[in-house]
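J.: Below you'll find the structure I mean.
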Amino acid sequence: MIDAYIRPVIDPVLNAQGRVLARLGVRADAVTLAGLGLGLLAAATIGLGAPGWALLPLLLSRLADGLDGAVARASRTSDFGGYLDIVSDFLFYGAIPMGFVWLDPAGNGAAGAFLLCSFYFNGASFLGYAILAEKHAMKTDARGVKSLYFTGGLLEGFETIAFFVILCLWPDWFAPLAWGFGALCFVTGASRILLARRVFEGVKGE
């Protein structure tokens, strides 16, 4: 929901840093994989009982997620780069809740399963819409220049990262927060389905 408003603020900074990294010979795919590695390290740190310490690799991971696209735009973009980025993002988004389930399987298991199910549904609605948008040559840069068509929603990247930060700061509240955030993810996915019906129903496929 907030992503479209903060992109004009953060994109110039990221693009400037991306140009510096590109001149140094850093490849966008390497930045993507570094970000994924940091995200998985954050999940492991949570699972090992230190969610507060997970904040640093978590936030650095998301910085890398913003920088990889900036590096690509400053050097060479590729369809594979965009593919690798979205796959890495989805793995990261699933790994952090998994870390909290590992931290306390008995207390967090049910809420974590519900949260991951909501992520699965929300992600499917996002990717399905992106496929149809590509098929009909739809374009948008409201959430930055992306390889995929990014639809808006109640919960987007900013809200999810803020949620993860809150979980790391107050891990004892994981279960109620996960139930609430998961419910909002289901609302987001359902609203995207309604949007797809309005946009694509009656549109003849090729």
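Numbering (my numbering), first residue to last: 16 to 221. Built from N, CA and C at the ideal position, the CB exists for glycine as well. Nothing here was measured: the structure is a model prediction, and the numbers come from that model.
State the DSSP-derived secondary structure class of A194, mapped to helix, strand or coil.
T.: Within the sequence shown, the letter at position 179 stands for residue 194. As written in the sequence, residue 194 is Trp, which differs from the Ala given in the question. Note: W194 maps to helix in three-state DSSP.
J.: Just confirm the distance between the C-beta atoms of L199 and L192, as a whole number of angstroms; I'd bet it's less than 8 Å.
T.: As a working note, residue 199 is residue 184 in the sequence shown. As a working note, residue 192 is residue 177 in the sequence shown. So it is not a contact: roughly 11 Å between Cβ atoms.
J.: Would I185 and F129 be called neighbours here (beta carbons separated by less than 8 Å)?
T.: What you label residue 185 is simply residue 170 of the sequence shown in a count that begins at 1. What you label residue 129 is simply residue 114 of the sequence shown in a count that begins at 1. Looking at the sequence provided, one finds Trp at residue 185 rather than Ile. Not a contact, by the Cβ cut-off of 8 Å.
J.: Using alpha carbons as the reference points, say which of L82, N137, L78 and T60 lies closest to F201.
T.: Taking the first residue of the sequence shown as 1, we reach residue 201 at position 186. Of L82, N137, L78 and T60, the residue nearest in Cα terms is N137.
J.: Using DSSP with H/G/I as helix, E/B as strand and the rest coil, what is E174?
T.: Locating residue 174 in the sequence shown gives position 159, counting from the first residue. Three-state result, E174: helix.
J.: Cβ of A211 within 8 Å of Cβ of L147?
T.: As a working mapping, residue 211 is identified with position 196 in the sequence shown. As a working mapping, residue 147 is identified with position 132 in the sequence shown. The answer is yes: Cβ separation under 8 Å.
J.: Give the single residue among F196, L56, T175 and V86 whose Cα lies nearest to the Cα of S76.
T.: Translated into the one-based positions of the sequence shown, residue 76 becomes position 61. Looking at the Cα atoms, L56 is the closest of the given residues.
J.: Would F196 pass as a contact of F178 if the rule is Cβ separation under 8 Å?
T.: Counting from one through the sequence shown, the residue named residue 196 turns up at place 181. Counting from one through the sequence shown, the residue named residue 178 turns up at place 163. For F196 and F178, yes; Cβs fall inside 8 Å.
J.: Is the number of C-beta pairs between the stretch 119 to 133 and the stretch 73 to 90 that are closer than 8 Å three or more?
T.: No, the stretch 119 to 133 does not touch the stretch 73 to 90.
J.: For V102, report the span of its alpha helix (DSSP H) as first-last.
T.: Counting from one through the sequence shown, the residue named residue 102 turns up at place 87. Run containing V102: D94 to L118, per the alpha helix (DSSP H) assignment.
J.: With respect to the alpha helix (DSSP H) encompassing R77, which residues constitute its N-terminal and C-terminal limits?
T.: Your numbering for residue 77 matches position 62 in the sequence shown. Start and end: L70 to A89.
J.: Nearest CA to the CA of I25: which residue from G62, G114, L82 and G127?
T.: As a working mapping, residue 25 is identified with position 10 in the sequence shown. Nearest of G62, G114, L82 and G127 to I25, Cα basis: L82.
J.: What residues in its chain sit with their C-beta under 7 Å from that of L39, if we drop five residues either side in the sequence?
T.: For the purposes of this step, residue 39 is taken as residue 24 along the sequence shown, with counting starting at 1. Nothing meets the Cβ criterion.
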